[in-house]
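**Q** Residues are numbered in the working numbering as their position in the sequence shown, beginning at 1, plus a constant of 221. Idealized CB from N, CA, C, for every residue including glycine. The structure's right below; bear with me while I get my questions together.
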Amino acid sequence: MARKDVFGSVMGPATTSVADSGDVSGYAVRGASRSIMQSFEELSKSSVVDLDPGLVDTSFVSDRMDDDDEAFHELLAAIRERGQDSPILVRPHPDSSGRFQTVFGHRRVKVARQLGRPVRAVVKKIGDEDHVIAQGQENAARANLSFIERTLFADRILKRGHSPETVKSALALDDTTFSKMRSVTNNIPEQVIVAVGAAKSIGRDRWWQLAKLMEHPRTAARAAEYVTSADFAEPGSDARFARLFDFLNAPVKQPRAASKPQEKAWVPQDKSVRAKITDTGKVFTLALKSKDASPFGAFIADKLDELFEAFRASETAKKTGD
C-alpha cells in the first residue's frame, strides 16, 4: 500500500533553532525508502541541533527486541572515529517539559551517552500517529528489523489504539503480510515471542507455521511453560525458535492410565473374621477385621513359608502340565 508522506509533514520550521548544519549521510536507502530519507536529509541540513543525550528518552513504543552487540559496537567505533553523520529525530516530550522523546535513532543516543558527547538531532513537534509512522519507515529504510520485531512493533502500535492503516503505512505492509502478523500475535503470547528473541533469519512463513501450532490454548500454555525451562535456554534466538518449533511438533506423551484396583471380600460361615482383599496388579493387600482377625492373621503369617512353597509348586505344575 502507499505510504503516508510523514516526512513531508515535518518539513516545516524546526521547533528548535539551528545549532549545527553538519552533513547527513550513512543511510542505506533503496526503493520507496529513498524518497523518505531524501526528504529527511533536506530537512536535517538546516535543522540539526546538539542535545544532551541525558534529556532524550526512548520512544513510547519499542521496535527492537534485543540489542545486536556486534552492530552496536560497529556503530560506536564509527561515531568515535568520524563523528555522528546521521542525526536522529526527536520530538518534545509530550509529558515531561524540557525533555525529548526519540522517534528514531535509539542506538545513536546510546552511543552518545557512552561516549559522553551531545547527540545531533532534528527536533519536530509531531503527534503520536506521525511518530510511529516515521519510526517504522526509518527502520524499513535501514532494513535491520526481523519479521518478528516488525510484527511485535505492529502489535504494540495497535494496542495503543492506532488503526491498522497506520500500522500498514508505518511498515509498508500488504494485506497478506499484515494478516499473517496478526495471526502470529493473536496465537503466540508476547512473553513467548520475547523469550525467543529477534530471530533474524526466521521469516514470515515459519512464524506463521508456529502460530498455527499454537492456535489451541493448551498448546500455547505448553509453549509458555517450555520457554522458561532449562531445555530451552539455547544461545542464539534462531536456535531457540527451532527448539520451540520442534518441541511443539513432537507428539505429546500421554501418561498411562492406572489400572483400577480389584477388590473383594471374604467372610467365613461363622463370621468371626472379615477379610478385605485389594489387588492393584503390583500390590496385594489382605486386611482382617473382627474378633478373630489378630489370631487368624498370626496363623497365616506363621505359615507363609509353607504357603509360598505350595504356591511355587502350583506354578511349576502349571508350566509343566502335571
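Would you list the residues sitting across from valine 344 in a DSSP beta bridge?
**A** Answer by DSSP bridge pairing, in chain order: Val311.
**Q** My guess is that leucine 276 and phenylalanine 321 are in contact by the Cβ rule of under 8 Å, so how many angstroms apart are they, rounded?
**A** The pair is a contact, with the Cβ atoms about 6 Å apart (cut-off 8 Å).
**Q** Run through DSSP, which three-state label would phenylalanine 321 get?
**A** Phenylalanine 321 falls in the strand class under three-state DSSP.
**Q** Could you compute how far the alpha carbon of valine 344 sits from the alpha carbon of threonine 279?
**A** Between valine 344 and threonine 279, the C-alpha separation is close to 14 Å.
**Q** Report the residue from Lys421, Ile423, Gly424, Ile414 whose alpha carbon sits nearest the alpha carbon of glutamate 446.
**A** The shortest C-alpha separation from glutamate 446 is found at Ile414.
**Q** Which one of Arg285, Ala333, Asp284 has the shortest CA to CA distance from alanine 299?
**A** Residue Ala333 is the option with its Cα nearest to alanine 299.
**Q** From the DSSP output, which residues share a beta bridge with phenylalanine 185?
**A** Residue coverage of the chain in this structure runs from 222 to 543, which leaves residue 185 outside it and unanswerable.
**Q** With 16 as the cutoff for other CB atoms within 10 Å, does phenylalanine 532 come out buried or exposed?
**A** Its Cβ having fewer than 16 others within 10 Å, phenylalanine 532 is exposed.
**Q** Where does aspartate 459 sit, in a helix, a strand or coil, going by DSSP?
**A** In this structure, aspartate 459 counts as helix in the three-state DSSP scheme.
**Q** If you compare alpha carbons, which of Glu436, Gly424, Val330, Ala508 is closest to alanine 463?
**A** Cα-wise, what sits closest to alanine 463 is Gly424.
**Q** Considering just the uninterrupted stretch of the alpha helix (DSSP H) at aspartate 426, what are its terminal residues?
**A** From DSSP, the alpha helix (DSSP H) with aspartate 426 extends over 425-434.
**Q** From what residue to what residue does the beta strand (DSSP E) around leucine 509 run?
**A** Leucine 509 -> beta strand (DSSP E) spans 505-510.
**Q** With burial defined as no fewer than 16 other Cβ atoms inside 10 Å of the residue's Cβ, what is the status of histidine 383: buried or exposed?
**A** Histidine 383 is buried by the Cβ-count criterion.
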